[in-house]
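From first to last, the protein sequence lines stand for chains A and B.
With my numbering as the guide, the letters of the first sequence map in order to residues 1 to 717.
With my numbering as the guide, the letters of the second sequence map in order to residues 718 to 1046.
No residue lacks a Cβ here, since even glycine has one placed at the ideal position from N, Cα and C.
Some notes on the structure that comes next.
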Amino acid sequence: MVEYRWPDEKRIIGRRIDRLDGPVKVTGAAEYTFDVRRPGMLYGAVLRCPHAHARITRLDLEPARKAPGVKAVRAVHQEGDEIQWALDEVVFLAAETEEAARDAVAAIGVEYEVLAHFVEAEAKDRAPEAKPGEETTEGDPEAGFARAAKRTKGYYGLPTIAHQCLEAHGNVCEWDGDRLTTWSSTQAVSALPGQLAEALEVPASDIRTICQYIGGGFGSKFSPDRWGVEAARLAKDAGRPVKLMLERDAELTVAGDRPSAYAEVEVGVAEDGAVTAWRSSSWGSGGLSGSGSPPIPYVFQFPNRHHAHTSVPTHVAGARAWRAPNHPQACFITMSALDDAAAALGMDPLDFFDKNLEHTGRLEAIYREELRIGAERMGWRERWHPRGEGGQGPVRRGLGLSLHTWGGRGHRSSCELKVHPDGGVEAKLGSQDLGTGTRTVIAIVLAETFGLGVGDVTVRIGDSAYPPSGPSGGSTTVGGVSASTRRAAQDALAELLGKVAPHLEADPSELEAVDGTIRVAADPSRSLPWKEATAKLGVSPITVTGQNPGPGELNDSGVGGIQMAEVSVDAETGIVRLDRMVAVQDCGLVMDLETAESQVHGGMIMGISYALYEEKVMDPVTGRLLNTDFESYKIAGYGDVGQLEVHMMTGEGHDERGPIGLGEPPVISPGAAISNAVANALGVRVPYLPITPRRVLDALEDATTGVTVIGLEGGAP
Amino acid sequence: MKAFEYASPTSLREAVELLAEAPERTELLAGGTDLLALMKDGVRAPDRVVSVKAVPELQGIEYGAEDGLRVGGAVTLTDFAGHPEVRERYPAAAWAAAHAAGPQIRNLGTVGGNLAQRPRCWYFRLGYGLLPRRNGESMVRAGDNRYHAILGNDGDALFVTPSTVVPILIALGGRATLAGPGGEREVALADFYRIPEAEGEREHDLGPGEIVTGLRLPPPSEGLRTASYEVRPGKSLDWSLATAAVALRMEGDTVSEATVVLGQVAPKPWRAEAAEGALAGERFTGETAGKAAEAAVEGAEPLSMNRYKVQLARVAVRRALERAAGEEG
């Protein structure tokens, strides 16, 4: 009976292994959905409504049908239909060239009756509809505030942002009779056929989805979306393959949306920094669907607290899961409010947060250690100064920190594994590599188990023809595929050792797979090279399937993580420069130190981007998104990210937990850590993200913006 | 994109003729870094596109002690910024050109295109026009105007000038050379830009069928100190929120004459005459620079969301002055 577990001594797991798909990506050899070009392929284009709220009063498709090169036209809205957000799809069509398709869209006769719209979620009092949501009360907040030595009150807000995938959403769809193949830019290779089958009313078994490489998803690519379904229908109607990728303005406007969040927060603190009470109300919107409820207060479950959230529907396309849904919002609001409370006490936030760690539950010890390591790496004690004492010149320096958490248990996964008589090791999983290193991690598990190198094994993923794995969301992929692959590999190895044992005149239990050999553990001179060992299989490969969940404790859930930021703020221009950022992150057993650090780097960069630059600018006049390209939808560039340092927690207390996903945790804290650093530098809370010159100068000019302290002599901190 | 006729003339005369036949339905193509995007987005839909890349009269950079610098309109920003005479004699102009947009844009974008480039106003880019109005009011005033004008904004034109190079060229006394159906002429860059009062009017002085053939800069005079300062939040590709260019003629530590020009604050490059007055005849000190900076934003009328730009313009002027004063020679 095989005991499923991670080895005590690891040869490859946890080392720095270059990602396997690096070379094909940097040479351009990797084929993304955008690169797929099928014989006879047509190009799709979409007529979109330019109004945020309107009724279609006339729709004439004839000019498009008659336009040169057009092979299929499908309206998804009809005359009389109400459109609820700008750039919603009205008509899909396919033509011989992209240009012909766009010209045909322009030829469509369409008229609208424009209706009243609402797109400014912050102004919830003007919203036509607001949906009060969850309300949580624990303990006795009033009694807690009565006990407080000081009470701070602050306002914090962050706007809707876009996922802004470099590869826009889209698909190439091709029918062979009644069977459909889609090349899709997706985070859910195994789940796409089922979703498409339901919409297209064909058996899921007749649909195959392929995605070898994806240019970003971040939570926005779990569904085929209407444009995927319609691309398949156009291809069916035209009898030819159809490629339909979103234009950049549509990608930004309708395919990427992290809900906004605004909050009023009151915090009561004792002189020693202990939080005695918390009260907050938040609201926000991701569009017509409103918004989820950010878990506020975040990380810290204070005994006396009250929180209420209101979801505000707007005339904007619906929200999509954005890395760690609801957490970056909750984190920014909570950690900013706590940092302001620490400043009101004149307390170093490092001590303040540490003081309150008892309210973080089972992660308390991990946070404490992470804060200690982070402070050391950052030189926090030497570099921190009380709020507002960041220098007298125009450029002020400041430090800030934040804590975060995420679950991340491994998703369902099946790994079909073959060990061929010629020594080949081949794993098939209907999983996908979002650029995070999934392929590499699977290879590491195989190589570790079989005593081979990562280059000696073959990993096949990105195809729904392979056994299913879950969508890559919620930091569940590495936990899932590592566990299914490990179980399959241990089963296959047991079978192989059984075949080889007689040849080494040993019992299978005495054998091990190490350094490209199968050998007797107690007497390494009795060994067979890997290929000679597998040759004993004769003509039939070993074929096994490993599952997750399954026997043995191979993964876990629940991580902490802390980040510290150092910034320089030009108080005259309001420009914030990120000088340095330190992340200390746990994720159970680190599979590949290099790709793990890379994930944290990516999270920090994306976080710096939303902290300083990103915002979907919604126009109150037209209800449209105004910044619809990379020029005006700003993101951090190379020069803007500063020096990034990552410390991964490893060893006892982490390794034995097994791998836990890492996609979400590192992107949660940057907004809060940077905002706190800016407050430390300037002496004033800039209450909004992104922290642009406009927000900084407005905050400096209007000192009443932000935080008020009650019960403190001398006014605002 | 609407189908169009493409012409690639090989002489200036031919280019002018091709342009003059139907100027309102014709666009000039030089680097194409902006025009092609405007055409793909349907903001411009010309019947004819006239490329000037093969027009020899629009090429070349020459310097003469008498006439100063002459730059062909189709010279790229990269070639302009890297030219030895430009770097030596007009360092602030070389700096501004070397920092415009990003390397890809500078490698294709031209000096003529930079002088005549269209505003980045998002309402304009979305096809609502340069002076967009809806329900009897300005869309910019009622909408999101965080990047719009704080000066020269009493009419309907509320966009800002995009170029970060033009302000220093104006401060250096630059002139645009133009050619059109009526022949060739020259105009001071300071007079080349105008604020349109009605939709359809252009934001500069180009007549129907006229082409920017080049740029001229007078020889730098003795004791001239120049600098530009840009408030650019992103270190990678990002637009300046406010640019100030200054040229100071110094006699010892006294300013005998000053030119101060702002970009991205008004619908045309903004000559800050009050700031110039505050400097002329004064000894250059931090205090004078501060007074000039204050004077530069006198009369600024911020819109609902761009109060911060008044401060940015002020800081840009002061820092440009400090940079110029710190410059040797």
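### Query
Using a beta-carbon distance cut-off of less than 7 Å, what residues from the segment 929-960 of chain B approach chain A?
Result list: Val-948, Pro-950, Gly-951, Lys-952, Ser-953, Leu-954, Asp-955, Leu-958.
#### Entry: Closest residue to Ala-959/B among Ala-995/B, Gln-981/B, Val-828/B (Cα-Cα distance)
Taking only the C-alpha atoms, the option nearest Ala-959/B is Gln-981/B.
### Query
Distance, Cα to Cα, Ala-427/A vs Glu-448/A?
Approximately 14 Å between the Cα atoms of the pair.
### Task
Find the nearest neighbour of Pro-7/A within the set Leu-700/A, Asp-655/A, Ser-675/A, Pro-670/A, judged by alpha-carbon distance.
Closest option to Pro-7/A, judged by alpha-carbon separation, among Leu-700/A, Asp-655/A, Ser-675/A, Pro-670/A: Asp-655/A.
### Task
Pull out every residue of the segment 830-846 of chain B whose Cβ sits closer than 9 Å to any Cβ of chain A, in chain order.
So the list reads Arg-837, Trp-839, Tyr-840, Arg-842, Leu-843, Gly-844, Tyr-845, given in the order they occur along the chain.
### Message
Using the three-state DSSP reduction, which class does Met-1/A fall into: helix, strand or coil?
### Response
Three-state result, Met-1/A: coil.
### Message
Quick check: is the beta carbon of Arg-863/B nearer than 8 Å to any beta carbon in chain A?
### Response
Closer than 8 Å to some Cβ of chain A, the Cβ of Arg-863/B qualifies, so yes.
#### Entry: Same chain, Cβ closer than 7 Å to Tyr-43/A, five either side skipped, listed in chain order
Excluding positions up to five away in sequence, the list reads Ala-94, Ala-95, Thr-97, Glu-98, Ala-101, Lys-243.
#### Entry: Neighbour list for Leu-697/A in chain B, Cβ cutoff strictly below 7 Å
Near Leu-697/A (Cβ distances below 7 Å), the residues of chain B are Tyr-1025, Gln-1028.
#### Entry: Where the alpha helix (DSSP H) containing Ile-867/B begins and where it ends
Taken as a continuous stretch (DSSP letters only), Ile-867/B belongs to no alpha helix (DSSP H), as it is neither H nor E.
### Task
Find the nearest neighbour of Tyr-638/A within the set Leu-578/A, Ala-596/A, Arg-258/A, judged by alpha-carbon distance.
Nearest to Tyr-638/A by alpha-carbon distance, out of Leu-578/A, Ala-596/A, Arg-258/A, is Leu-578/A.
### Message
For a cutoff of 8 Å on Cβ pairs, would you count Ser-260/A as touching chain B?
### Response
So, not an interface residue.
#### Entry: Within-8 Å CB hit, Ile-12/A to chain B
Not a single C-beta of chain B is nearer than 8 Å to the C-beta of Ile-12/A.
### Task
Sort His-327/A, Gln-195/A, Ser-293/A by Cα distance to Glu-135/A and report the nearest one.
Closest option to Glu-135/A, Cα to Cα, is Ser-293/A.
### Three or more C-beta pairs below 8 Å linking the segment 130-150 of chain A and the segment 103-122 of chain A
No contact exists between the segment 130-150 of chain A and the segment 103-122 of chain A.
### Query
Got a sec: which bits of the segment 854-882 of chain B sit with their beta carbon under 8 Å from any beta carbon on chain A, in order along the chain?
Those would be Met-856, Ala-859, Gly-860, Asp-861, Arg-863, in chain order.
### Message
Please identify the residue among Arg-74/A, Leu-20/A, Val-567/A, Thr-27/A whose C-alpha is closest to the C-alpha of Lys-236/A.
### Response
Taking Lys-236/A as reference, the option from Arg-74/A, Leu-20/A, Val-567/A, Thr-27/A with the minimal CA-CA separation is Arg-74/A.
### CA nearest to the CA of Ser-1021/B, picked from Pro-820/B, Tyr-864/B, Thr-971/B
For Ser-1021/B, the nearest C-alpha among the options comes from Tyr-864/B.
### When Tyr-633/A, Gly-284/A, Gly-109/A, Arg-305/A are compared against Pro-313/A, the one with the closest alpha-carbon
Out of Tyr-633/A, Gly-284/A, Gly-109/A, Arg-305/A, the CA that lies nearest to the CA of Pro-313/A is found in Gly-284/A.
### Task
Could I get the ranges of all uninterrupted beta strand (DSSP E) runs contained in the segment 91-121 of chain A, with 3 residues as the minimum, in chain order?
Counting whole runs of 3 or more residues, the segment 91-121 of chain A contains the beta strand (DSSP E) stretches 109-114.
### Query
With distances taken from CA atoms, which of Ser-557/A, Glu-9/A, Asp-619/A is nearest Arg-362/A?
When only C-alpha atoms are compared, the closest one is Ser-557/A.
### Query
What's the C-alpha gap between Glu-495/A and Ile-542/A?
One C-alpha to the other measures close to 7 Å.
### Message
Does chain A have any CB closer than 8 Å to the CB of Met-967/B?
### Response
No, its Cβ sits nowhere closer than 8 Å to a Cβ of chain A.
### Under the three-state DSSP convention, the category Gly-785/B falls into
In the structure shown, Gly-785/B sits in a strand (DSSP, three-state: E or B).
#### Entry: Any chain B beta carbon closer than 8 Å to Val-732/A
Only positions 1 to 717 of chain A appear in the structure, and residue 732/A is not among them; the question remains open.
### Message
Suppose you measure from the CA of Ala-1037/B to the CA of Ile-912/B; what does that come to, to the nearest Å?
### Response
Using only the alpha carbons, I get a separation of about 25 Å.
### Query
Going by the C-beta, is Arg-1035/B closer than 7 Å to any heavy atom of the ligand NAP?
Ligands in the displayed structure: none, and consequently the ligand NAP is not present.
### Query
For the putative contact between Asp-81/A and Ile-108/A, defined by C-beta atoms under 8 Å, what is the C-beta separation to the nearest angstrom?
15 Å between Cβ atoms; not a contact.
### Message
Checking the sheet assignment: what are the DSSP bridge partners for Leu-469/A?
### Response
According to the sequence as given, residue 469/A is Ser; it is not Leu. In the DSSP output, where bridge partners are listed per residue, Ser-469/A has Ser-413/A.
### Beta carbon of Val-441/A nearer than 8 Å to that of Asp-249/A
Here Val-441/A is not near Asp-249/A, since their CB atoms are 8 Å or more apart.
### Query
What residues in the segment 626-654 of chain A have a beta carbon less than 9 Å from any beta carbon of chain B?
Interface annotation for the segment 626-654 of chain A against chain B: Leu-626, Asn-627, Thr-628, Asp-629, Phe-630, Glu-631, Ser-632, Lys-634, Ile-635, Ala-636, Gly-637, Tyr-638, Gly-639, Asp-640, criterion Cβ-Cβ distance under 9 Å.
### Task
Tell me, please, whether the CB atom of Gly-574/A is closer than 8 Å to any CB atom in chain B?
Chain B, which has a Cβ nearer than 8 Å to the Cβ of Gly-574/A, makes this yes.
### Task
Report the three-state DSSP secondary structure of Leu-923/B (helix, strand or coil).
Leu-923/B: coil per DSSP, three-state reduction.
### Chain-ordered chain B contacts of Glu-99/A [CB-CB under 8 Å]
Under the 8 Å cutoff, chain B gives Met-718.
### Message
Counting only Cβ-Cβ distances shorter than 7 Å, please list the residues of the segment 753-772 of chain B near chain A, keeping chain order.
### Response
Among the residues of the segment 753-772 of chain B, none has a Cβ less than 7 Å away from any Cβ of chain A.
### Task
Using beta-carbon positions only, say whether Ile-562/A and Gly-374/A come within less than 8 Å of one another.
Between Ile-562/A and Gly-374/A, the C-beta spacing is below 8 Å.
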